[in-house]
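Working notes, structure below.
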Amino acid sequence: MALSALHACHDRGLRVPGDLAIAAVTDSLYLRTANPAVTALDLNGAEIGRRATELLVTLANGEEPASERVIVPSSLRVRASTGHADTEYLSE
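Counting from 1, one number per residue, gives the positions in the sequence shown under UniProt numbering.
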């Protein structure tokens, strides 16, 4: 959706960043190589997948999985799409 928003802004002559900033919930090659590159969260999908696989193997072996809260670290990849947006706007 962030990439579509970026294209829509370009089509309408809006500056990103400048008129507005765009960020995405998940990262991808397309966001990294867009013009401008889009800020995105890296949710650490590989680690989430690894932990989910461990849980599925435990269940497949007929074992009771441990009841635990797991926090998988994520990171924000700040890129050009979130430079300082203009603060002036019209309100009526």
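All C-beta atoms in this analysis are idealised placements derived from N, C-alpha and C, irrespective of residue type, glycine included. In this text, all values refer to a predicted model and were calculated from it rather than measured experimentally.
Counterpart residues of residue i in DSSP-defined beta bridges
i: residue 75; result: 42
i: residue 24; result: 40
Cβ pair residue i, residue j closer than 9 angstroms
i: residue 78; j: residue 39; result: yes
i: residue 25; j: residue 41; result: yes
i: residue 14; j: residue 34; result: no
i: residue 81; j: residue 8; result: no
i: residue 36; j: residue 16; result: yes
Which listed residue (the options) has its alpha carbon closest to that of residue i
i: residue 67; options: 75, 60, 55; result: 55
i: residue 69; options: 18, 10, 52, 29; result: 52
i: residue 21; options: 44, 49, 10; result: 10
Spatial distance of residue i from residue j (CA atoms)
i: residue 74; j: residue 62; result: 31 angstroms
i: residue 19; j: residue 32; result: 20 angstroms
i: residue 28; j: residue 44; result: 12 angstroms
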